[in-house]
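One line per chain: the protein sequences are A and B, in this order.
Numbering-wise, the working numbering puts 43 at position 43 of the first sequence, and it's gapless, one number per residue.
Adding 111 to a residue's 1-based position in the second sequence gives its number in the working numbering.
C-beta: ideal position from N, C-alpha, C; glycine also.
Keep in mind it's a predicted model, so treat the numbers as computed, not measured.
Have a look at the structure below, then the notes.
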Amino acid sequence: GIQVEQSPPDLILQEGANSTLRCNFSDSVNNLQWFHQNPWGQLINLFYIPSGTKQNGRLSATTVATERYSLLYISSSQTTDSGVYFCAVTYSGAGSYQLTFGKGTKLSVIP
Amino acid sequence: NAGVMQNPRHLVRRRGQEARLRCSPMKGHSHVYWYRQLPEEGLKFMVYLQKENIIDESGMPKERFSAEFPKEGPSILRIQQVVRGDSAAYFCASSALGTSETQYFGPGTRLLVL
């Protein structure tokens, strides 16, 4: 099956700092989503981004499908950004509907 | 515009009991997916259903687990004779179309087996 690798596994930021999270995948994908799992365990959709660039407030994401990676940018981080960020993909080999998740990046933003 | 609803949010069962987890998809969505988050394994696909049909259950354990999505009412994930290893967060997601489209996740059900 497809491999989804996220880096770094852990990240500690001072409030106000910027960060870049990376997601590499081993095969062509149909769908790529970024999620934030907050400290209460809820999974929040951030972006649906199989290719290209999108922005939503302080967050933006870029997927370069031909090079098989995606980046999530967080600017001016806030303590509420803490949690685990997951990248998940679907690909033709699994019916194009099974999301395969990476192991996540655990972000801690300290005041 | 209600999102994906799951209940209960927390469920405690003793070994050997049954657990029933419910999921109501977003309005207008007819595709439902269940995922499980185990502490050491991350989030894994379990099953994909459409109304009255199981499309793919390749991620479901072969025994004790079953899922349905009836014509009326929520999707149900049923775990019979629960064991401690079933303790996990179970997430339901839904989409309007079945392939290559945004899946929207519910808040999850946290199952604890004593």
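Query, Result
"Reference B:G139, options B:V194, B:R221, B:A113 and B:R124, closest by Cα", "B:A113"
"Cβ distance (whole Å) where A:L32 is taken to contact A:I49 below 8 Å", "6 Å"
"Distance, A:E67 Cα to B:Y215 Cα", "27 Å"
"Neighbour list for B:F220 in chain A, Cβ cutoff strictly below 7 Å", "It is Thr, not Phe, that sits at residue 220 of chain B in the sequence shown. Per Cβ cutoff of 7 Å: no residues; B:T220 is ~10 Å from chain A at best."
"Beta-carbon spacing of A:V29, A:S77 below 7 Å", "no"
"Residues near B:V194 in its chain [Cβ-Cβ closer than 7 Å; skip 5 each side]", "R126 and V224"
"Three-pair Cβ contact test at 8 Å for the region 95-107 of chain A versus the region 42-57 of chain A", "no"
"Three-state secondary structure assigned by DSSP to B:G184", "coil"
"Whole-number beta carbon distance between A:V84 and A:Q37, since they are thought to touch under 8 Å", "4 Å"
"Residue nearest to B:A199 in terms of C-alpha spacing, selected from B:Q191, B:R221, B:M157 and B:G217", "B:R221"
"Residues from the region 135-158 of chain B in contact with chain A, defined by Cβ distance under 8 Å", "H142, Y144, Y146, G153, L154, K155 and F156"
"Closest by C-alpha distance to B:P119, when choosing among B:Y159, B:P185, B:P181 and B:M137", "B:P185"
"N-terminal and C-terminal residue of the beta strand (DSSP E) that B:I165 is part of", "N164 to D167"
"Closer than 7 Å to chain B by CB, A:F101", "yes"
"Contact under 7 Å by Cβ, B:M171 with B:M157", "yes"
"Chain A within 7 Å of B:F176, Cβ atoms only", "no"
"CB contact below 7 Å: A:G83 versus chain B", "no"
"Beta-carbon separation (whole angstroms), A:Y73 vs A:S82, contact threshold 8 Å", "The Cβ separation is near 17 Å, so there is no contact."
"Beta-carbon proximity check, B:R175 vs B:I190, cutoff 7 Å", "yes"
"Boundaries of the beta strand (DSSP E) in which A:T90 is found, first to last residue", "G83 to T90"
"Neighbour flag for B:F216 against chain A, beta carbons, 7 Å", "yes"
"Inter-residue CB distance, B:S141 and B:K155 (contact presumed, cutoff 8 Å)", "Their Cβ separation, rounded to whole angstroms, is 23 Å, which puts B:S141 and B:K155 out of contact at 8 Å."
"The region 51-77 of chain A: positions lying closer than 8 Å to chain B by Cβ", "none"
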